[in-house]
Amino acid sequence: MPRFQGGLSLKRGHMLSVTLLFNTFSWYFMGRLIIGNISSGRSFESLWLELSYSLAIIVAALVGSVIFKKVQKVRFFYIWLLLGVGASLGLMSVANSSFLPILFGTSCLGISLGLGMPSCLGYFTESVPIENRGKSGGIVLFATTFSAPLALVATATIGTMWSILLLAVWRAWSLPLLFCTAGKELPSKHHALGTPSLAKVLQNRTFYLYFIAWLMFALVDSFETMFVNLRVGEFQLLMGIMEPAVAGFSALIGGIISDWVGRKRVLIFGFVSLGIAYATIGFLSQIWISWFFYFIIDGMALGLLWVMFTIVIWGEVNREKTEKYYAVGETPFFLTQMLYIALMPYVESISESSAFSLAAFFLFIAVVPLLFAPETLPEKKMKQRQLKMYTKEAIQLKQSVEQKSND
């Protein structure tokens, strides 16, 4: 009986953590779309609203990883989700106001997201076995990527106020699931003793090797996204449809592969392929087929790198007390949005060959820290998977031989 209950508890936690992550990631992207709609036509205000949203998430995540390190998970997730619903409704109340109330509402929206994100990602690490985290993270990003076009169409057609109401409803739909799924207190591995400080997180050799590579990718991707958006012209529709679709499938397939061959190999493949794509478009930007190749490779690499860096890696560089590792490790993702806005005025003066050549160079340089970083998926787990596969093939071969001999 205890064995049955343990298996059921694992499945419950696994499903809940994946669902909460999907709800959180998709809610974040919906929030960005709505903030963009609110600030449409206000160039100066748009800059500050976008910056406040990303900055509020970063600061709140760092604060939340310190304050909420010993919380009861079920109660905290209820409060966190309700806080997101309240922040959404609060933004609705100020959406037609002057700049400062909208800025305050946007900041509150970011705070409500950031406070619980490290705990949510930490719970994912606790509840999902390490050999299944790549696949589970890939499912989350696959679902998020393919929900984004629906959110884009919805927010563009129903108006700002109804869009914000949809944002509140979207955050709230996971509450009943939390109530039904978490029948008892969610397990927690956190203890008061030995909890690392934020400074100690940065001293973790494995962490900073992966973090340096992630930060360099975020900087390059932010710059190149701006550059491509200004240059693609007739390819804008192609990029908007093809690239996210490829990224979604790539996140799913790459996550599954990473559970077999390890995280490090998948990351190196993503960096190298993206570097090749940038180098190709840098030399052959006048040939349309090179843009087609670029969008496919870029989408594939984005899917691989996002699933590893936003969901999987930071829960494995330190096997316990992962909230602070997630809080610091996620910052480049949100810094990308801030840099996108801050660097936009300087992009037009750079030539295509220079921009893409520099991007390719820095991406190849970013591979260097990964070469020295240890693999975070234990070799024992990879060998166990291979052994199961060989055993299954041997059993099938034996059955096939016996059947032929009987015939």
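Take any residue in the sequence shown, note its place counting from 1, add 102, and you have its number in our numbering.
Note that beta-carbon positions come from the ideal geometry of N, C-alpha and C, so glycine has one too.
Residue span of the alpha helix (DSSP H) that contains residue i, given as start and end
| i | result |
| --- | --- |
| Met194 | 175-196 |
| Phe397 | 390-409 |
| Lys426 | 425-431 |
| Gly377 | 365-385 |
| Gly239 | 235-259 |
| Trp264 | 262-274 |
| Glu477 | No alpha helix (DSSP H) holds Glu477; DSSP gives it neither H nor E. |
| Thr227 | 219-229 |
| Ile213 | 201-216 |
Exposure label - residue i; buried when at least 16 CB within 10 Å
| i | result |
| --- | --- |
| Trp390 | exposed |
| Val271 | exposed |
| Ser167 | buried |
| Glu481 | exposed |
| Thr478 | buried |
| Ala294 | Low confidence applies to Ala294: its pLDDT is 42, below 50, so where it sits in the model is not reliable, and the reading given next is rough at best. Per the 10 Å Cβ criterion, exposed. |
| Trp264 | exposed |
| Gly261 | exposed |
| Lys291 | The pLDDT assigned to Lys291 is 48, lower than 50, so where the model puts this residue is not dependable; a value taken from the coordinates is nonetheless given after this. Label assigned to Lys291: exposed. |
| Pro524 | One cannot answer for residue 524 here, as it falls past the ends of the chain, which runs 103 to 509. |
| Ile213 | buried |
| Leu304 | exposed |
| Leu183 | buried |
| Ile140 | buried |
| Ser456 | exposed |
| Val120 | buried |
| Ala461 | buried |
| Asn198 | exposed |
| Ile266 | buried |
| Ile169 | exposed |
| Thr259 | exposed |
| Leu472 | buried |
| Tyr130 | buried |
| Tyr434 | Rather than Tyr, the amino acid found at residue 434 in this sequence is Pro. That one is buried. |
| Lys175 | buried |
| Ala162 | buried |
CB-CB length for residue i against residue j, believed under 8 Å
| i | j | result |
| --- | --- | --- |
| Leu317 | Gly372 | At roughly 15 Å, the Cβ-Cβ gap does not stay under 8 Å, so Leu317 and Gly372 are not in contact. |
| Leu243 | Gly405 | 7 Å |
| Val414 | Arg235 | 5 Å |
| Ser392 | Ile399 | Incorrect: roughly 10 Å between the Cβ atoms, too far for contact. |
| Ser459 | Ala381 | 7 Å |
| Ala475 | Tyr312 | 6 Å |
| Ser209 | Ala256 | Their Cβ separation, rounded to whole angstroms, is 24 Å, which puts Ser209 and Ala256 out of contact at 8 Å. |
| Glu233 | Lys483 | 5 Å |
| Gly377 | Phe466 | 5 Å |
| Leu254 | Leu135 | 6 Å |
| Val409 | Gly364 | With 8 Å as the limit, Val409 and Gly364 do not qualify as a contact, their Cβ atoms being about 14 Å apart. |
| Gly207 | Ile160 | That belief does not hold up - the Cβ atoms of Gly207 and Ile160 are roughly 18 Å apart, past 8 Å. |
| Ser324 | Leu441 | 4 Å |
| Leu354 | Cys222 | Their Cβ separation, rounded to whole angstroms, is 20 Å, which puts Leu354 and Cys222 out of contact at 8 Å. |
| Ile359 | Val368 | 6 Å |
| Phe281 | Gly218 | At roughly 17 Å, the Cβ-Cβ gap does not stay under 8 Å, so Phe281 and Gly218 are not in contact. |
| Thr246 | Phe124 | 6 Å |
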